[in-house]
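Chains as they are written, first to last, in this note's numbering: chain A, 1 to 193; chain B, 194 to 946; chain C, 947 to 1316. For glycine and all other residues, C-beta sits at the position ideal for the given N, C-alpha and C.
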């Protein structure tokens, strides 16, 4: 069980693009050489901003809903696990449907792997590998009651895509957490849609 | 004599760089370690704590060391993958000699005999000082101390210097002038208490990544961040105020700020009067540095300069950090003094949340420079030309004053003297001058002129390829000792595994050479790193960098001890200058005027563009280690030219196009990386590579008159668009290696996105 | 079909399971010549097998009734019922060789896992291949008349040759189950060792889902081997007890089949359908991401996921009339989160807007170069 008084708090603004998380993800005993965290450049031409993405661990994960082999399970502690190895058939439904772009299908393996919060570490009281090493602490894993003292911004676990509401276990740091974060593609496209 | 014995391709096939991609036995081998060793990362001056997992005398992985107070488990990608430098196919395990057919393994004794007889021949024919030692500060304090003693008493040469000369000597010299001591004034804990953080010439996010979190912790408490840099670095992107000045105009900015502080009466007069001297002269020197003048020189808008002065002047607490950006200049020391003047004028030093420091770059840049492998220093930060200091060290070493040489030449000057034929022999350890010194074509010519060149290294670095004898030395994890971090925290490096083959720790090699040179009486008692450290403690006693009260046991127990620590019951000194007490005899800090002067090379019609160079987060210094680690090479396989789209457009350059960059020293062809995050009059190249890809083909051998640091950060170049077939074979090779590293992992996802 | 469609979701699996069990019952009745050839000692096994058949079929039908599964199931059915089948079949045969027989994808996951799994899987299948025909009465051995030295084999009630008791073929017939048992035990033990060494598996495994099947398989195989040992070396001592234990463990295993991990055996062939589906999508082409313009999603999958999202009541995930969340590639979805978060903080800035392309030489009031 991952302790329920701990939370994962993500602040992409702090990310420095060093890819420590990418390297360290592969080092955890669950992952063994396969990194499951994403580190994207926002648009290097414009800015050095980079975006770290771990699984948000949705309350009602869409990846599990679209999985034809019923291979994606959420444990009682709220962690959405990588596809069960005997079941996953590598169809990529999860990869294409995840609202946050998290799962990765390793094609040769016919298997989806994704961030599982380094279950081997978090289930015995350690932090996930990425949040342990993250130099800027853009990825922060601490007790939930500590965050208010540590951070200016506040955790948000509520997202809106069109009219679809997605609630998550992991949090994004914003100044105004009471309004859901509206993920609107117009933000990505110059001049809007 | 010392030209390459084989072609570059043949050397590369034999000695690499090859890539280490996975832990010993592969990713799926049993990861249960025999033991876990608490030690530190070998890359960079922050010296993050890390735990190495060891199985069958091999390092098989790492665990974050969350209890270590500085980094609390945090690591940059170099730290995460540092363990892959061990168990490496390129690792040197036998002594080697160069022959017509390349490097051939040889018996250890024979290598030692040959080395000693060549040293003796050269010193007999050309004098003691014709044999030089160039050392490095990735070495522990013990090895650094020993390198100094070995050169001076073992080889009896004055010509000893180190690659810290390319790092933070400008900061050291500036700090000594202003404060009488050379150390960051505070532990990093004071950063998060500051209201304003001023970062000058430091790409904190990439060169000292762990410091990023300290700065953000302050910002979470409301601190403002000001970043001075010609590029928008990842940290600058989010800063409250960015001052992207023209390369080489740093004193113009600090003078302009001091001018405004004085004009707006934002001076802490109580502090200035009680604890400093020379304020009037400093203010007098900046009386013409109006915002308009500053703007004209630096290229910054007047409003930005005024805003910066306002924020800095009105703050109650602050921390000023600087690094190579301002130090790697022919005015490095002046730039540092300009920053210190800003700090002293506001009196914000020596109190909680009030601090100043250089972010030392090299692994043991701080400790290494204190204990005497710098050409003008003796242990304890003592001065080799000060009779009192000499007398004390002679008493510790048991030698006479005649036996102790005087001031030698600095690193670049030694290379110049080799080129001029004045120095005939060289012992090189922990240093890859062919990559890290400026004007690398010149360095290559110099190395090929040596009569005898012996090199201690664990991989065959590009410089070592020119050596006559190569002796395999120890990796960081194969020996114990201490280092001193950027904060001034002395920490313990622990041994995780034994050296492979004939390789052995550098200190053992130096002791053996000294013995064979007939100088054993000064070195015979060094039977362990701790024995060396205990002599270092005595030698540093009473100096400014006083380690007398630091023991191995105490370091381990307290997770590091800040010097000065004069007695064993002394807790160490995380914060210097408390109560305004400085290290000059009068107890005061000195304002030193820094009248503006331009860099040694300025742009003109022929070379119209500024060039600056620096690091990327994935590589360390000359890349001897990091260019051999698969993950790091995959992320950043080769150098590139960072260029603003407006400048790129002028030359018709698009992303990835080949561009020829030419300076008065040489030229190179690199792919263009078109980004809006650099001044449109300036281009940037990362410097970690060798040969055709070495940024230092372009840089000049202009030195700071005081610190003798080369001006890496300011050169003038011209650009020309060329075709991709002009890329060097090395670049293609690196691209191939990175591609292979990626595709070797056959199970990798089909990343169409 | 229309009758089927009117049934509610629970009824359909029930019907499917009943039909499957009935079909199996009929097959057993026919194959055993109306039960004449059934071995009374194996009746317990037969009942458990029929139950397992019911359970597996029930779960299989409810599984393919899931909207996501139906998407692929329908596609595969359509392929099989169309002329395309002639192109797809050879390909499916090759895929079956690679994925089902050789299980190469497991080898890529880890060679240790593959070795253990191959032993386990082929041991189990071999065991069932021998025992199921015996249990169903499809195959039986009797003494050939009064000749106690020869055995007569019967298949579906017809005589199918005889062989001497001391022949090699007899030895193989009697010991093929011992071989299967040895393979299963080796596979299970290797799996347990591998699991113990893998921190990830150790952390995520559950006793009931991951370890119990291995323990049961070991128990089945051990008791089976002990039966042979009892008969061979211990003059049949404890044979009855062991036979009871063996029967008990096998029945437990069969009863657990529909619920536990072993159900993946009937799920796995879906992988073939998915591979064909992907190939067809590839031929149709990939659609461009509406965020960055890079092609990413196969056209057929975009269509089917669109339908699926409607069924799952996710169709509201639209950014405008023309951009569905499924039209963004995963990378753009990731960037979008940071973009949205950044927008709540502050806007972009360009400090270089006013800087000229080339620097004029720095003014030089106190030059040292002069």
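- Secondary structure at residue 57/A: coil, using DSSP grouped into helix, strand and coil.
- Distance between residue 535/B and residue 587/B, taken at the CA atoms: about 40 Å.
- Between residue 173/A and residue 9/A, the CB-CB gap stays under 8 Å.
- As for any alpha helix (DSSP H) of minimum length 4 sitting wholly inside the region 959-1047 of chain C, the runs are 989-1011, 1013-1026 and 1031-1041, ordered along the chain.
- Residues of chain A whose Cβ lies closer than 8 Å to the Cβ of residue 1217/C are, in chain order, 89, 90 and 110.
- Along the region 146-165 of chain A, the positions whose C-beta sits under 7 Å from a C-beta of chain B are 150, 151 and 152, read in chain order.
- Here the alpha carbon of residue 315/B sits roughly 57 Å from the alpha carbon of residue 434/B.
- Among the residues of the region 2-25 of chain A, those with a Cβ less than 7 Å away from any Cβ of chain B are 13, 14, 16, 17, 18, 19, 20, 23 and 24, in the order of the chain.
- At a Cβ-Cβ threshold of 8 Å, residue 549/B and residue 378/B count as neighbours.
- Between the alpha carbons of residue 1136/C and residue 1211/C lies a gap of roughly 19 Å.
- Residues of chain B with a Cβ closer than 8 Å to the Cβ of residue 143/A do not exist, since the nearest Cβ in that chain sits about 14 Å away.
- Three or more Cβ pairs closer than 8 Å define a contact, and the region 274-285 of chain B falls short of that threshold against the region 587-596 of chain B.
- For residue 408/B, the enclosing alpha helix (DSSP H) begins and ends at 404-413.
- Residue-level contact check: residue 1143/C touches chain B, since one or more beta carbons of chain B fall below 8 Å from its beta carbon.
- Any Cβ of chain C closer than 8 Å to the Cβ of residue 762/B would place that residue at the interface, and such an atom is absent.
- With respect to the 8 Å criterion, residue 1010/C and residue 1019/C are classified as neighbours on the basis of their beta carbons.
- The C-alpha of residue 442/B lies about 40 Å from the C-alpha of residue 1277/C.
- Per the coordinates, the alpha-carbon of residue 1061/C lies some 46 Å from the alpha-carbon of residue 658/B.
- Between residue 686/B and residue 676/B, the beta carbon gap of about 6 Å places them in contact (Cβ cut-off 8 Å).
- In the three-state DSSP reduction, residue 1272/C falls in the helix class (H, G or I).
- Within the same chain, and ignoring the five residues on either side of residue 100/A in sequence, the residues whose Cβ sits closer than 6 Å to its Cβ are 56.
- Annotation: residue 504/B is outside any beta strand (DSSP E); the continuous alpha helix (DSSP H) that includes it extends over 495-507.
- Residue 1058/C reaches chain B at 221, counting residues in chain order whose Cβ is nearer than 7 Å.
- Using a Cβ-Cβ distance cut-off of 8 Å, the region 908-919 of chain B and the region 846-862 of chain B are in contact, since at least three pairs of beta carbons, one from each stretch, lie closer than that value.
- The C-beta separation of residue 626/B from residue 656/B comes to about 5 Å, placing the pair in contact by the 8 Å criterion.
- Secondary structure at residue 1090/C: strand, using DSSP grouped into helix, strand and coil.
- Looking at the backbone, the Cα of residue 232/B and that of residue 19/A are separated by about 22 Å.
- For residue 837/B and residue 102/A, the gap between their C-alpha atoms comes out near 33 Å.
- With the rule of 3 Cβ pairs closer than 8 Å, the region 754-763 of chain B does not count as touching the region 341-359 of chain B.
- With fewer than 16 other Cβ atoms inside 10 Å of its own Cβ, residue 1039/C counts as exposed.
- When the beta-carbon positions are compared, residue 1262/C and residue 1244/C stay at least 8 Å from each other.
- Of the other Cβ atoms in all chains shown, fewer than 16 fall within 10 Å of the Cβ of residue 972/C; this residue is therefore exposed.
- Inclusion of residue 923/B and residue 886/B in the CB contact set at 8 Å is warranted, their separation being smaller than that value.
- Residue 402/B counts as buried, since no fewer than 16 other beta carbons sit within 10 angstroms of its beta carbon.
- Under the three-state reduction of DSSP output, residue 200/B falls in the coil class, being neither helix nor strand.
- By the criterion of a C-beta distance shorter than 8 Å, residue 1220/C is surrounded in its chain by 1018, once the five residues flanking it on both sides are discounted.
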